[in-house]
Structure formats: C-alpha cells, structure tokens
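In what follows, a single structure is set out as structure tokens and then discussed.
There are 2 protein chains.
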Amino acid sequence: MSFKKIKGGVCTPKKFRAATASAGIKNPSATRLDLALLVSDIPCVGSGTFTTNQVQAAPVRLSKKHIQDGNIRAIFANSGNANACTGEVGTHDAQTSAQHVAEHLDLKADQVALCSTGVIGLPLPMERLLPPIEGMASSLKRTSGTDMAKAIMTSDTCHKEIAVSFKVGEQTVKIGACAKGAGMICPNMATMLCFITTDFNISKKLLDQAVQHAVSGSFNCITIDGDMSTNDTVLVLANGAAGNRAPSQKSKSFSLFQEALSFVMLEMAKALVRDGERVTKFVTINAIGARTAKDAQKVAEAVANSALVKASWNGEDPNWGRIIHAVGYSQAYLKENKIDILYNDLIACSNGLQAEVDMEQLRRIAAQPEFTITINLKLGSAANTVYSSDISPEYIDFNRSEYAYWKQARKDGLV
Amino acid sequence: MSFKKIKGGVCTPKKFRAATASAGIKNPSATRLDLALLVSDIPCVGSGTFTTNQVQAAPVRLSKKHIQDGNIRAIFANSGNANACTGEVGTHDAQTSAQHVAEHLDLKADQVALCSTGVIGLPLPMERLLPPIEGMASSLKRTSGTDMAKAIMTSDTCHKEIAVSFKVGEQTVKIGACAKGAGMICPNMATMLCFITTDFNISKKLLDQAVQHAVSGSFNCITIDGDMSTNDTVLVLANGAAGNRAPSQKSKSFSLFQEALSFVMLEMAKALVRDGERVTKFVTINAIGARTAKDAQKVAEAVANSALVKASWNGEDPNWGRIIHAVGYSQAYLKENKIDILYNDLIACSNGLQAEVDMEQLRRIAAQPEFTITINLKLGSAANTVYSSDISPEYIDFNRSEYAYWKQARKDGLV
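Residue numbers (the working numbering), protein chains in the order written: chain A, 239 to 653; chain B, 239 to 653.
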C-alpha cells in the first residue's frame with residue numbers, strides 16, 4: 239500500500255470547502271442537518287456514476303448532464319426527500335435549486351451537481367429548501383467535511399467519511415470521501431450517495447476511467463436488500479490543487495491514484511453494508527472456481543440476495559443447505575457434486591455434501607459479526623466477490639411504513 | 239365454468255387410494271404424519287413438472303426418470319427431510335425407497351414416483367422411513383386423501399386439498415389434488431409439492447400438454463420469498479376409470495379437462511401463497527400494457543420479489559414509490575412518465591406521479607388481507623399476473639435457524 243489513511247473527509251484535499259444547514263425537509267420541526275454544499279475553490283474536473291434504475295430522480299438526470307459537460311465546481315445535496323417520481327415539477331425544482339446555488343457561488347447552473355435522498359414520489363418543499371442556500375454559500379468552511387457526512391444521512395446510524403494521502407514526487411495528494419447508504423443496496427449501485435474529492439491533477443478522461451474501475455470493484459459489489467434505488471450517485475471532483483503533473487494512463491502516479499481511489503470507494507461501500515438497515519452481520523461472499531466471470535457473479539449475487547440465506551445469517555446458523563440451493567438457482571454453469579462451501583477457512587460442504595466438520599466450530603464462525611463464505615464451483619478460475627448482510631426481523635419492522643411522510647406532505651400541501 | 243368444485247382431494251377420483259404414517263423423520267419422538275402413499279388401483283398415465291434449480295434432490299431426479307418412462311402407478315412422499323445434497327447415499331436411499339414401496343404393492347420400482355420435502359443436506363433416516371411402508375401398502379383407503387394432504391405438510395399451517403367434477407357425455411370425471419407449500423415459493427416453481435389425480439381417460443401426450451399449460455399459469459406465477467427449492471414437484475396421475483373416450487387435442491372434452499385442471503392448480507397455487515410462512519397479505523400483481531409478455535413478467539416479478547415492497551404490504555402502507563422503483567429496475571422496456579399504479583380500482587400513481595386520490599381510501603385497501611396491484615406501462619397489450627405475499631418480521635424470525643435439525647441428525651449418526 240503506497241498510500242496512507244488519514245483523518246478527514248471531503249474537505250481534506252486542498253481547496254475544497256463545505257457548508258451544511260438544517261431545513262426540515264422531511265419534517266419542518268426537526269433540527270437535524272439535511273442540506274449540504276460542497277465547493278471547489280478552483281476549477282476542477284468531475285466524474286460520476288449513477289443508478290441504472292430506469293426510474294431516475296430529477297437530480298440524477300440533471301447531474302448526469304452537468305457531469306457530461308465536464309465543468310462541475312459544486313455539489314448540492316439534500317436528505318429527507320428523493321425528488322424522484324415528481325415529473326415536471328421535480329425537474330423544475332432541481333433546475334431552480336441548481337440555479338439558486340450557482341447564483342450565490344457566482345457559478346453557472348451547469349457547474350452544480352445535485353443529489354437528493356429520501357422518500358420517493360413527493361415534491362421537494364422548495365419553500366424550506368431554497369432559503370438556507372445563501373447562508374450556506376457564505377459560510378463555506380475547510381472544517382465542514384464531517385458535517386456534510388452527517389447532513390446526507392437518512393436511516394444511517396453513523397456518518398461515513400474517509401481520507402487518504404499519497405506522494406507524487408514532492409507533492410502530497412489527498413483523496414477524501416463521505417457516503418450515505420442504508421437500505422436498497424444492491425448490484426448495480428445502491429440507495430447511496432458518495433462524494434469524493436481529490437486535489438490530484440488529472441484529465442477528465444483518465445478520471446472517468448479510474449472512477450468506473452473503482453465503482454465496479456466496490457459499490458457494484460454490495461447488497462443489503464436486493465433493491466436498487468432511483469437516486470444512487472457517486473460523484474468525484476478533482477481540482478489539481480496538489481500541483482502534480484497530470485499523469486498519462488501508464489504512469490506510476492495514475493496507478494497510485496487508481497489504487498487509492500479504489501481503496502476509498504471499497505471502504506465506503508463496506509461501511510454502507512455494515513450500517514445497512516438493522517444489519518447484524520457483514521458477510522463477504524467469494525464465488526471462485528467458476529467457468530466465467532459472469533457465472534461467478536451470478537453465484538455470488540444469488541447467495542447475497544437470498545432472503546432465506548440472509549435469515550440464516552441473522553440466526554447465526556451455518557446453513558450451507560440454503561446456500562447451495564441459492565447457488566443451484568443462480569443459473570451459473572455448475573456441477574452439484576463438485577461444489578465446496580466454506581465458512582472462513584472451515585469447509586461445511588464438500589463436493590455437494592455435508593463435510594466432516596465440527597458443527598459447533600462452524601456455528602461459532604456464523605456467530606461472528608463478520609465472516610466470509612466461499613463457494614468453490616471447481617470448474618474454472620473465474621471469481622467474484624460480493625459484500626452482503628443479514629436480514630433481520632427489525633429490518634422488516636423498520637421498513638413497514640412511510641405513511642407518516644405522506645401525511646406531512648399532505649400537511650405541506652404537496653400532494 | 240363447466241365444472242364444479244366438490245368436497246374431496248386426491249382420493250376423490252375413482253380407483254385412487256392412499257395411506258399415511260408417522261415415522262418421526264424429522265424428530266423421532268414426534269407423532270405427526272410424515273409419510274404418504276398414493277396408488278392407482280389400475281394402470282394410469284403420469285405427468286409431472288419439476289424444479290428448475292440445478293441442485294436437485296435425489297427423489298426429483300428419480301421421479302423425473304420414472305415419469306418419462308410413463309408407467310407410474312404410485313407416489314411415495316415424506317416430509318421432514320428433502321433428501322437433497324445427499325449425493326450417492328441420497329440416490330441409493332431414493333432407489334431403496336422406491337424398491338421397497340414397489341415390492342409391497344406388487345409393482346416395479348420404476349412405477350413409483352418419490353417426493354421428499356424438508357431440510358436440505360441430511361441423509362434420510364432410512365431405519366425410520368422404511369419400516370412403515372409395509373403397513374401403509376396394506377391399509378390403502380379411499381378415505382385417506384385428507385390424511386395425505388396433512389402428511390406432506392412442513393411449515394404449512396393448514397392442509398390444502400381440492401376436488402372438481404365435470405361431465406363428459408354420460409360420464410362424470412373427477413380431479414382431486416393436495417399440495418404443500420410455505421417458504422421458498424418463487425417463479426419458476428416453489429418449495430412445493432402438488433399431487434393431482436384424475437379418473438379422466440387421456441393419452442400421456444395430451445396429459446403432458448395440459449399439465450405444462452396449467453403449471454405455467456399457476457405454480458410458475460407465485461412467489462413468497464424469491465427462493466427456488468431443490469425439491470419442487472407437480473405430479474399428475476390419470477387412470478381413465480371414468481370411462482370416457484380418450485379425447486383428441488381439439489375435442490371439447492379436452493378443453494374441459496384443461497379448464498378444470500388449470501383451475502385446480504391455480505387454486506392450489508394461491509392456497510400456497512396464502513399459507514406462506516408468516517404471511518398476512520395475499521397480493522395479486524397485474525402487469526399490463528407492456529410491449530412484450532417478457533416485459534410484463536419482468537415487471538410483475540420485480541414487484542413481487544422486492545423486499546421493500548413486501549415490507550410495505552406488511553405495514554399496510556400504499557407505498558407506490560417502492561413499487562415504481564422496483565418497476566424501474568425490472569429491466570422491462572418502460573417510460574417513467576407513462577406508468578400508472580392502482581390498488582384495486584383506485585389509482586395511486588398516474589403517469590409516474592402521485593395521483594389525485596384519497597390516501598386514506600388507498601390505505602384501507604392496503605389494510606385488507608387480499609388486494610390487487612395493477613401496473614400499467616401503457617406501451618402495448620402484453621400482460622402478466624403474479625401472486626405474492628408480504629414479508630413479515632415473523633418470517634425472518636421463523637427462518638433464522640434450522641440448527642436443531644442438525645443436532646438431531648448428529649444424534650441419529652447421519653452427519
């Protein structure tokens with residue numbers, strides 16, 4: 239590892255500042271932070287990946303366009319409302335927000351990316367969302383990174399941020415990130431937002447390449463409940479303030495950046511699974527020995543998304559029978575009598591059969607908060623890893639009803 | 239409807255008899271029925287459909303072969319143990335069981351179909367399974383249909399049987415069925431067993447055709463937890479005892495039989511969903527207005543299998559936002575701003591947006607034990623229906639651990 243983890247988040251790289259506010263988006267009487275603004279003081283290049291859900295929130299559509307134009311300088315995010323399934327009103331609200339932010343930062347509207355997270359199908363309460371923006375624009379601080387990580391939380395129980403640094407010649411380069419997750423985490427992408435900043439100097443083209451690679455090995459490999467959100471967004475801003483020479487694709491400094499960026503995203507992705515709604519177990523699923531990469535992915539995802547398998551993790555039951563049955567319906571090419579299944583290093587199922595194993599030892603592994611399940615098809619050399627969690631009775635309880643939000647929206651005259 | 243529902247089950251059609259026994263398969267000290275034997279007193283034709291899971295239980299592999307040979311006369315079923323993932327031991331145990339049953343019925347082993355349901359990965363306790371067979375063979379009764387429906391139950395809370403009759407000329411034809419379901423119900427097929435008998439006289443070829451058609455509109459349209467079992471089996475025996483002339487494909491009597499058989503299977507399939515593990519809601523999902531049948535199926539299945547949608551049903555929350563988000567990731571061709579979503583006849587989402595609707599009225603629909611959700615893509619005329627259920631905290635609780643079975647198996651010296 240040629241980079242090191244340091245304390246910090248999105249404001250750790252040079253020339254990035256943030257501000258947050260409490261607008262009562264979901265509930266006018268609540269005082270929690272729910273607006274965040276992140277700005278690069280100097281021009282930068284931006285890159286992003288977005289949900290593959292065909293139902294996409296207005297801010298996703300807008301940010302995609304602005305990121306393509308390649309001229310981003312600021313990110314404005316709200317929690318409490320996803321501005322999804324809000325039609326022309328939602329599109330208009332997103333444009334108005336971007337315009338409003340741009341005016342107060344002396345930027346153009348297409349230099350602002352927008353992210354919203356929260357309930358679907360209700361228009362944004364613009365009369366509460368817009369007024370704080372002016373004050374936020376005038377109180378941007380180098381020290382507000384952690385507050386930003388807090389402002390984007392929805393059902394998260396803790397804020398998530400990280401920073402790393404590495405050397406390119408004499409220059410110190412930093413990468414910082416914050417993310418929010420919780421429910422609806424699934425390949426590909428999640429109900430998640432992740433904002434990443436870096437003072438690395440890099441072309442948009444190479445940044446895009448590095449981001450795609452890092453996302454495919456991190457956010458696209460996690461699952462909590464098999465659902466895919468309308469708002470998933472990863473945004474990366476690189477402002478070059480570190481002063482390094484822009485790398486070529488084959489340079490050592492680009493490899494270094496890729497390595498550090500991939501680490502940052504994977505750490506954030508794992509943090510989302512660990513803090514999934516009412517999650518008690520973090521399970522790494524390694525599908526190995528597959529004939530093709532696609533087969534390995536099918537196996538890992540089928541296991542990661544099976545309600546019965548996830549319930550067995552919640553019960554700390556080393557139930558390889560449920561795992562092999564999910565492998566069986568994954569549609570990967572397989573031979574039942576070759577399949578091995580391991581909990582950490584302990585084999586539970588050998589050639590499709592109960593292995594000679596101390597079940598109590600298996601059970602102790604399944605009782606740990608984190609463990610690894612390896613499924614070896616023994617048919618080839620392709621492999622895939624997915625990070626998953628259990629499903630708990632409390633998850634269902636927690637997600638039974640959002641009806642209170644509708645009642646608030648009715649009170650607000652929005653529906 | 240040119241057939242009528244009558245009281246009865248698998249022993250209602252002429253010349254079928256059944257017997258049951260309590261062998262303590264899962265638990266030696268339990269006294270519940272767990273073995274069932276169903277026999278046609280005269281030669282018959284048999285047809286069946288089986289799980290598409292690539293990991294298939296030994297009895298599935300054996301029954302498939304015997305059904306293909308077309309000479310079936312008896313079905314022997316056990317609950318408490320699936321005889322899946324049991325390798326050569328399992329294959330041998332299945333063969334031994336069939337042989338044993340055949341001997342006591344004066345049949346050949348390949349005239350016996352086998353079905354097992356229960357825990358995966360443990361060998362059958364043959365020392366408890368075999369001894370009751372002799373007594374069962376000698377106590378077959380015309381009145382044991384209901385007992386058979388009870389003997390195949392696992393986590394079912396009630397037994398499921400049905401019978402219908404219709405006229406072909408002077409002859410009265412009957413169809414009877416029993417089924418067991420509970421968890422792991424998913425297109426295609428389920429952790430389910432369904433045994434159907436009829437005294438209709440029909441060729442194997444036409445019976446196969448009728449069964450395929452009926453299964454595709456019933457058991458392949460239900461889902462409880464998105465999982466697919468290693469043991470799903472539908473078996474149909476037709477012994478011709480009604481004395482009708484064997485129909486041609488285009489005859490009226492064949493249409494009549496098809497209609498009645500489809501009804502029987504659909505009723506059984508719905509009964510399985512209603513009695514799904516810890517289920518409180520039965521939800522019919524109609525995807526309509528799709529460009530292709532495949533698209534309609536993708537939409538209905540994505541909604542039917544979404545953990546978040548199912549949690550909202552449990553919470554009696556008319557949460558169309560979660561439904562449209564599942565529609566969005568279904569990979570069907572769609573336009574967000576055309577999608578309508580209805581709860582029964584009440585529109586909740588119109589053209590992708592919150593409809594003008596009395597939310598309390600929507601909420602009352604979502605509070606009913608059974609309701610219909612219609613998703614209209616308004617892009618074509620293809621449609622698909624899936625029957626689904628909520629997911630409850632109690633479902634997760636119920637499925638947390640099967641470890642006690644392992645302990646019993648260890649006691650039995652099986653693992």
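Virtual Cβ for every residue (Gly too), placed ideally from N, Cα, C.
(request) Indicate whether at least one CB of chain B lies closer than 8 angstroms to the CB of residue 363 of chain A. (result) Here the question's residue 363 of chain A lines up with position 125 in the first sequence. Taking Cβ atoms only, chain B never reaches closer than 8 angstroms to residue 363 of chain A, which makes this a no.
(message) Is there a Cβ of chain A sitting closer than 8 angstroms to that of residue 321 of chain B, yes or no?
(response) On the second sequence, position 83 is the one that residue 321 of chain B refers to. Judged by the 8 angstroms Cβ criterion, residue 321 of chain B is not in contact with chain A.
(request) Please name the residue or residues paired with residue 284 of chain A in a DSSP beta bridge. (result) Numbered from 1 along the first sequence, position 46 holds the residue referred to as residue 284 of chain A. Paired residue(s): A/475.
(request) Enumerate, from N- to C-terminal direction, the unbroken beta strand (DSSP E) stretches of 3 or more residues contained entirely within the segment 391–425 of chain B. (result) 398–406, 409–418
(message) For residue 269 of chain B and residue 260 of chain B, what's the separation of their Cα atoms in angstroms?
(response) As a working mapping, residue 269 of chain B is identified with position 31 in the second sequence. As a working mapping, residue 260 of chain B is identified with position 22 in the second sequence. Their Cα atoms are separated by approximately 6 angstroms.
(request) Answer with yes or no whether the minimum CB distance from residue 545 of chain A to chain B is below 8 angstroms. (result) Here the question's residue 545 of chain A lines up with position 307 in the first sequence. True, the Cβ-Cβ gap to chain B drops below 8 angstroms.
(request) Could you tell me which chain A residues have their CB closer than 7 angstroms to the CB of residue 552 of chain B, listed as they occur along the chain? (result) Counting from one through the second sequence, the residue named residue 552 of chain B turns up at place 314. Those are 634, 638, listed as they occur along chain A.
(request) Quick one: using the 10 Å Cβ neighbour count with 16 as the cut-off for buried, is residue 307 of chain A buried or exposed? (result) Along the first sequence, one-based indexing puts residue 307 of chain A at 69. By the 10 Å Cβ count, residue 307 of chain A comes out exposed.
(message) Between the alpha carbons of residue 310 of chain A and residue 331 of chain A, how many angstroms are there, rounded?
(response) For this step, residue 310 of chain A is matched to residue 72 along the first sequence. For this step, residue 331 of chain A is matched to residue 93 along the first sequence. Approximately 19 angstroms between the Cα atoms of the pair.
(request) Might you give, ordered along the chain, the residues of its own chain that have their beta carbon closer than 7 angstroms to the beta carbon of residue 245 of chain B, omitting 5 neighbours on each side? (result) If you number the second sequence from 1, residue 245 of chain B lands on position 7. These residues qualify, in order along the chain: 401.
(message) Going by C-alpha to C-alpha distance, which of A/294, A/287, A/289, A/534 sits closest to residue 575 of chain B?
(response) By 1-based counting over the second sequence, the position of residue 575 of chain B is 337. Comparing Cα-Cα distances from residue 575 of chain B to each of A/294, A/287, A/289, A/534, the minimum goes to A/294.
(request) Check each candidate in A/623, A/616, A/545, A/570 and name the one with the smallest Cα separation from residue 628 of chain B. (result) As a position in the second sequence, residue 628 of chain B is number 390, starting the count at 1. Closest by alpha carbon: A/545.
(request) Would you please verify whether the beta carbon of residue 423 of chain A is less than 8 angstroms from any beta carbon of chain B? (result) On the first sequence, residue 423 of chain A is found 185 positions in, with the first residue counted as 1. At residue 423 of chain A, the pLDDT of 44 sits below 50, so the modelled position is not reliable; the number obtained from the coordinates is stated separately. So, not an interface residue.
(message) Does residue 428 of chain B pass the burial test, meaning 16 or more other C-beta atoms within 10 Å, or should it be called exposed?
(response) Counting from one through the second sequence, the residue named residue 428 of chain B turns up at place 190. With a pLDDT of only 43 at residue 428 of chain B, under 50, the local geometry of the prediction cannot be trusted, and the value read off the model is given with reservation. Burial call: buried.
(message) Measuring straight from C-alpha to C-alpha, what distance separates residue 324 of chain A and residue 589 of chain B?
(response) The residue labelled residue 324 of chain A in the question sits at position 86 within the first sequence. The residue labelled residue 589 of chain B in the question sits at position 351 within the second sequence. Going by the C-alpha atoms only, they are around 10 angstroms apart.
(request) Just mark residue 606 of chain B as buried or exposed, buried being the case when its beta carbon has 16 or more other beta carbons within 10 Å. (result) Residue numbering aside, residue 606 of chain B sits at position 368 when the second sequence is read from its first letter. Under this definition residue 606 of chain B is an exposed residue.
(request) Could you check what DSSP says for residue 509 of chain A in three-state terms: helix, strand or coil? (result) Locating residue 509 of chain A in the first sequence gives position 271, counting from the first residue. Residue state, collapsed to three classes: helix.
(request) Return the first residue and the last residue of the alpha helix (DSSP H) that residue 305 of chain A is part of. (result) Locating residue 305 of chain A in the first sequence gives position 67, counting from the first residue. Segment 296–307, the alpha helix (DSSP H) holding residue 305 of chain A.
(message) Just to confirm my understanding: we take residue 263 of chain A, look at its own chain, exclude 5 residues before and 5 after, and list those with CB closer than 8 angstroms. What are they?
(response) Here residue 263 of chain A corresponds to residue number 25 of the first sequence, with the count starting at 1. If we look at residue 263 of chain A and ignore the five residues flanking it on each side, its Cβ neighbours are 272, 273, 316, 317, 318, 319, 356, 362, 363, 366, 367.
(message) Under DSSP, the beta strand (DSSP E) around residue 578 of chain A begins and ends at which residues?
(response) The residue given as residue 578 of chain A occupies position 340 in the first sequence. Looking at the DSSP string, the run of the beta strand (DSSP E) that includes residue 578 of chain A is 578–581.
(message) Rounding to the nearest angstrom, what Cα-Cα distance links residue 650 of chain B and residue 594 of chain A in this structure?
(response) Reading the second sequence from its first residue, position 412 is the one you call residue 650 of chain B. Reading the first sequence from its first residue, position 356 is the one you call residue 594 of chain A. Our two residues, residue 650 of chain B and residue 594 of chain A, have alpha carbons roughly 15 angstroms apart in a direct line.
(message) For residue 528 of chain A and residue 570 of chain A, which I take to be in contact (beta-carbon distance under 8 angstroms), what is that distance rounded to the nearest angstrom?
(response) Position 290 of the first sequence holds residue 528 of chain A. Position 332 of the first sequence holds residue 570 of chain A. That pair is a contact at about 6 angstroms.
(request) Output yes or no for whether 8 angstroms exceeds the beta carbon distance between residue 275 of chain B and residue 256 of chain B. (result) Numbered from its first residue, the second sequence carries residue 275 of chain B at position 37. Numbered from its first residue, the second sequence carries residue 256 of chain B at position 18. Contact flag set, yes.
(message) So, with DSSP's three-state summary, where would you put residue 356 of chain A?
(response) By 1-based counting over the first sequence, the position of residue 356 of chain A is 118. Note: residue 356 of chain A maps to strand in three-state DSSP.
(request) Please name the residue or residues paired with residue 608 of chain B in a DSSP beta bridge. (result) Walking along the second sequence from the start, residue 608 of chain B turns up at place 370. DSSP output for residue 608 of chain B lists B/520 as bridge partner(s).
(request) Have a look at B/417, B/634, B/611 and flag the residue whose alpha-carbon is nearest the alpha-carbon of residue 623 of chain B. (result) Position 385 of the second sequence, counting from 1, holds the residue named residue 623 of chain B. With distances taken between Cα atoms, residue 623 of chain B lies closest to B/611.
(request) Would you mind telling me which residues of chain A sit closer than 9 angstroms to residue 597 of chain B, beta carbon to beta carbon, in chain order? (result) Here residue 597 of chain B refers to the residue found at position 359 when the second sequence is read from its first residue. In chain order: 641, 644, 645, 648, 653.
(message) Run through chain B and tell me which residues come within less than 7 angstroms of residue 224 of chain A, C-beta to C-beta.
(response) Coverage of chain A is limited to positions 239 through 653, which leaves residue 224 of chain A absent and any answer about it impossible.
(request) Could you confirm whether any beta carbon from chain B is found closer than 8 angstroms to the beta carbon of residue 611 of chain A? (result) For the purposes of this step, residue 611 of chain A is taken as the residue at position 373 of the first sequence. Answer no: the Cβ-Cβ gap between residue 611 of chain A and chain B never drops below 8 angstroms.
(message) So, with DSSP's three-state summary, where would you put residue 575 of chain A?
(response) Numbered from its first residue, the first sequence carries residue 575 of chain A at position 337. Residue 575 of chain A falls in the helix class under three-state DSSP.
(request) Using a Cβ-Cβ cut-off of less than 8 angstroms, list which residues of the segment 372–393 of chain B approach chain A; keep chain order. (result) none
(message) Are the CB atoms of residue 547 of chain A and residue 609 of chain A within a distance shorter than 8 angstroms?
(response) Along the first sequence, read from residue 1 onward, the residue named residue 609 of chain A stands at position 371. Along the first sequence, read from residue 1 onward, the residue named residue 547 of chain A stands at position 309. Going by C-beta atoms, residue 609 of chain A is not nearer than 8 angstroms to residue 547 of chain A.
(message) Considering just the uninterrupted stretch of the beta strand (DSSP E) at residue 625 of chain B, what are its terminal residues?
(response) Stepping through the second sequence from its first residue, residue 625 of chain B is reached at position 387. For residue 625 of chain B, the enclosing beta strand (DSSP E) begins and ends at 620–627.
(request) For the segment 516–542 of chain B, enumerate the residues whose C-beta is nearer than 8 angstroms to any C-beta of chain E, in chain order. (result) The structure shown contains no chain E; its protein chains are A and B.
(message) Counting only C-beta atoms, is residue 625 of chain B closer than 8 angstroms to chain A at any point?
(response) The residue you call residue 625 of chain B lines up with position 387 of the second sequence. No, because no Cβ of chain A sits closer than 8 angstroms to the Cβ of residue 625 of chain B.
(request) Just mark residue 282 of chain A as buried or exposed, buried being the case when its beta carbon has 16 or more other beta carbons within 10 Å. (result) If you number the first sequence from 1, residue 282 of chain A lands on position 44. Around the beta carbon of residue 282 of chain A, 16 or more other beta carbons lie within 10 angstroms, which makes this residue buried.
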